[in-house]
Amino acid sequence: MKNVIIAQTILDAIELRTTLFGRGSIKLHTARSSEDILDIHRRLKADLIITEFSFPEMGGVRLCSSIRGEPGLKDVSLIMYCDGGPVFQAACLDAGANAVVQKPVDAFSLFSKISELIVIPQRKDMRVLLRISVEGRQQDASFVATSYNISLSGMLLETKRELNKGDKLSCSFSIAHAEVNAQCLIMRVDRTDEGRFRYGAKFLSLDTKSIVVIEQYVKSRIRP
Numbered sequence: 000m001k002n003v004i005i006a007q008t009i010l011d012a013i014e015l016r017t018t019l020f021g022r023g024s025i026k027l028h029t030a031r032s033s034e035d036i037l038d039i040h041r042r043l044k045a046d047l048i049i050t051e052f053s054f055p056e057m058g059g060v061r062l063c064s065s066i067r068g069e070p071g072l073k074d075v076s077l078i079m080y081c082d083g084g085p086v087f088q089a090a091c092l093d094a095g096a097n098a099v100v101q102k103p104v105d106a107f108s109l110f111s112k113i114s115e116l117i118v119i120p121q122r123k124d125m126r127v128l129l130r131i132s133v134e135g136r137q138q139d140a141s142f143v144a145t146s147y148n149i150s151l152s153g154m155l156l157e158t159k160r161e162l163n164k165g166d167k168l169s170c171s172f173s174i175a176h177a178e179v180n181a182q183c184l185i186m187r188v189d190r191t192d193e194g195r196f197r198y199g200a201k202f203l204s205l206d207t208k209s210i211v212v213i214e215q216y217v218k219s220r221i222r223p
């Protein structure tokens, strides 16, 4: 069980309560101030803290410094939301934050950081074999492709249709009876021995439900 402390203001701005944070492996604790975060962390020894640069009472930088400076509290991952420029973001990292995410709050960015830190370390680079039907649209023309692998960052597509690097696609497909809709960008173009086209497609946008579906599918395909 992973204990996650999150600023109430961040939770209010996203819709992860019934997806990522609704999973049995994560117990969520909300806080309305930096002092709340410290109190909860002292009691539970959280695995991850998600807070803001301008959080009430002591602010994110002082909070990070306090946590990193206390032996019993320092072993925790910290994600900081910051609405300032590079100087403010650098201050967060210098204070001990593992990751800084720019405002406005974005569910996809948050999920990716959480995955890296506590849920699926290095999963963004993982590839597994997958065959699914993909319905894409390019220049208002529909076509069918097949995906041979998938990860949270993108997938490998094969189709008879010729596309170009930089083309954008709207794709829909099903994994474990759940529909996934995604915007993709063609990053790589190859040709198979049979004369078909193979494309490396990067996800440009995924809703929270799709992120969870893909993450759980990839996890289920990993063999011990």
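Be aware that the sequence shown starts at 0, since it is given in numbering that gives the first Met the number 0, and climbs by one per residue. Don't be surprised by glycine CBs; every beta carbon is placed ideally from N, CA and C. Just so you know, these numbers come straight off a predicted model, no measurement behind them.
Cβ-based burial, residue i [other Cβ within 10 Å; buried from 16]
i, result
"V100", "buried"
"I5", "buried"
"H176", "exposed"
"K225", "Within the shown structure, residues of the chain are numbered from 0 to 223, placing residue 225 beyond reach of any answer."
"V143", "exposed"
"P120", "Residue confidence for P120 is low, a pLDDT of 39 falling below 50, so the modelled location carries little weight; the figure read from the coordinates is stated next. Exposed is the call here."
"K159", "exposed"
"E51", "buried"
"R112", "Here the sequence assigns Lys to residue 112, which means Arg is not the residue at that position. Buried, by the Cβ-count rule."
"A94", "buried"
"G59", "buried"
"G153", "buried"
"M79", "buried"
"A200", "buried"
"M0", "exposed"
Integer-rounded CB distance, given that residue j should sit under 8 Å from residue i
i, j, result
"A36", "L62", "As written in the sequence, residue 36 is Ile, which differs from the Ala given in the question. Right, their Cβ atoms sit about 6 Å apart."
"N163", "L155", "17 Å between Cβ atoms; not a contact."
"D46", "N2", "5 Å"
Those residues which DSSP pairs with residue i across a bridge
i, result
"C81", "Q101"
"S76", "L47"
"S152", "Bridge partners of S152: none, in fact."
"Y198", "L156 and V188"
"S204", "Q182"
"V3", "L27 and L47"
beta-carbon residue i near the ligand SAH non-hydrogen atom, thresh 8 Å
i, result
"I9", "Looking at this structure, you won't find the ligand SAH or any other ligand, since it has none at all."
Minimum C-alpha distance to residue i - residue among the options
i, options, result
"I210", "A200, D189 and S114", "S114"
"V75", "P85, D82 and S64", "S64"
"E69", "H40, M57 and I49", "H40"
"G83", "I66, R197, S53 and S169", "S53"
"A181", "L205, R190, S141 and T145", "L205"
"I185", "T191, C170, E193 and G194", "C170"
"E157", "E193, K167, S173 and G165", "E193"
At least 3 beta-carbon pairs within less than 8 Å: the segment 211 to 221 vs the segment 161 to 177: yes
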